[in-house]
Amino acid sequence: MISSNNRVRVYWDVLVFICIFWASLESPLRIVISYDQNLLLTGIYFFIDSVFALDIIWNCVTPEYKDGKWVVIRSEVIRDYLRSWFIIDLIAAVPFEYATLKIFGLQQSQYPYLYLILGITRILKVFRISDILHRINLAFQPTPGILRLVLFAFWVTLVAHWCAVGWLYMDDLQDYQTGQSEYIRALYWTVTTIATVGYGDITPSTDVQRIYTIFVMMLGAGVYATVIGNIASILGNLDLAKAAQMKKMAQVDSFLKARNIPNDMRRRVRDYYMYIIDRGWGEDESLLLNDLPLSLRKEVKIQLHRSLLEKVPFLKGADPALVASLVFSLKPTIFLKGDIVFKRGEKGDGLYILSEGSVDILGSDDKTVLLNLQEGQFFGELALVTEEPRSATVRTTSTCEIYTLSKSDFDQSLERFSEFRSAIEESVSNLKK
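The sequence shown begins at -2 in our numbering and counts up by one.
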């Protein structure tokens, strides 16, 4: 049995999707447009029929995602497949047109409607599109709504195309050969009708066309409402966190403006929100991950904070237990340029690890820069070890992402992990010098 993580299956699904799309467009189109089924077109359909036939085998040897889990036992996969999509896939894979030509000698030009029916058998595969896109979604995990938008665009394109082909049939029931220009006019009429624009430059002239137009107009009313609703929903759901934060920023800014807060302070508030929006800090990490099992939550947190763990020297190659402990204990905080992290004389309440940006350690006059710290460095440990007030003021020189470790977690880490204690003791000794 092929693994559920095998990317070859996913790429195969993409190929099947393309073949279905081509067959759904070309099979009915060949009846209304004047062109012969030349060697190239015959080769394309031979390739498509081969892909559809091989897809039956793929469906028997690859796992099936059902009821939230992968079915990997081959007998169960084959049994479920035979009960569900096998018949449709088999009909779509059989080259009925070629068999009719070779066995009975029937030509497409003589029996166009027969060839239409035989060609439509491939279009039955279109009902597998949802399953195919679902498997692709499981493999690539794109932004929510993207594949829904792809599926929606797929069906809108097919419906417009099929309606255009239908209009050409209604145009002259005795003429089966129609040019490319006529198809473009029919597609133009279909789009304007479905989109409820209806310029009126192309109008029905027979009762059959009028009846068909009524049907398309009724379809268009539903399609138009669906288009507007779906696109608005999809675009709105592409980044819910960002949309929520933008709304919150607007509400806060409106509140501050109503309270006559100075423009400079309002600008700093907006800068803060724009930073967390751009950096993806719009959600409470702990709240979002709280439902995950502990082991998986630990792995996710380590991946989320990998950049920080790679910057801090004493965490490189450290005990995994120490890394896990710090990952769960560290609390992210954002400081804007010019903010005071803490002031001289304040009680030490935590250790600070600089993930992004830089800070200045200021002298006794709170102006002289004694030291500049960059990403991966930590500060604030002296007051925690000596239990004395802060010995210096720390000011940010850019927008900073700083992770804080509370005093209780700090003391606990000192007791449990020798490498953490060694790193802190070395840092304290350097500061005292």
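Just so it is clear, CB atoms sit at the ideal spot from N, CA and C, and this is done for glycine as well. Computed from a prediction, not measured in an experiment: that's the story for all the values here.
Residue range of the beta strand (DSSP E) that includes residue i
i	result
G347	G347 to E353
V356	V356 to L359
S322	Careful: S322 lies outside any beta strand (DSSP E), inside the alpha helix (DSSP H) at P317 to S326.
Three-state class that DSSP yields for residue i in the structure shown
i	result
V338	strand
S81	coil
I30	strand
E423	helix
E378	helix
L170	At L170, the pLDDT of 45 sits below 50, so the modelled position is not reliable; the number obtained from the coordinates is stated separately. Coil, per DSSP.
T203	coil
L289	coil
T365	coil
Y8	helix
S1	Residue placement at S1 cannot be trusted, given a pLDDT of 49 that sits under 50; the coordinates are not used to answer.
V153	helix
V13	helix
V91	coil
E307	helix
E61	strand
V162	helix
E296	helix
V194	coil
F417	helix
I122	Here residue 122 is Lys; the residue named in the question, Ile, does not match the sequence. Note: K122 maps to helix in three-state DSSP.
I244	Checking the displayed sequence, the identity of residue 244 turns out to be Lys instead of Ile. Here K244 sits in helix by DSSP.
H302	coil
Member of the options whose CA lies at the smallest distance from the CA of residue i
i	options	result
I75	I54, Y42 and E94	I54
V153	K254, E94 and Y221	Y221
L38	A50, I191 and S24	S24
F151	C16, I41, R256 and A380	C16
Y349	D362, D363, K364 and E372	E372
L305	F49, C397, D52 and F83	C397
T394	G335, E385, S419 and K344	G335
A161	S202, T210 and T193	T210
F93	A240, I114 and S81	I114
E423	D204, A90 and E378	E378
I274	L293, K244, L12 and V382	K244
R276	I258, P329 and L312	P329
I331	A318, L103, V11 and S352	S352
A20	L121, L51, V7 and S72	L121
A136	S361, V11, E179 and Y269	V11
D52	A318, Y8, Y166 and V309	Y8
V58	T187, L402, K254 and D77	D77
L312	T187, R418 and E61	R418
P310	I126, N56, G197 and A420	A420
S410	I358, F325 and P386	F325
F44	T200, A89, F212 and T189	A89
V366	G347, H302 and A389	A389
Extent of the continuous alpha helix (DSSP H) to which residue i belongs
i	result
V188	Q177 to I191
I54	L36 to V58
E385	Segment: none, E385 is in no alpha helix (DSSP H) and carries neither H nor E.
K404	K404 to R413
According to DSSP, residues forming a beta bridge with residue i
i	result
F332	C397
F101	DSSP, once it has assigned bridges, lists no residue as partnering F101.
V213	The partner list for V213 (beta bridge, DSSP) is empty, contrary to what the question assumes.
E370	Sequence inspection shows Leu at residue 370; the Glu mentioned does not correspond to that position. L370 pairs with V356.
V391	F339 and I358
What are the complete alpha helix (DSSP H) segments, minimum 4 residues, inside the segment 247 to 279? 260 to 275
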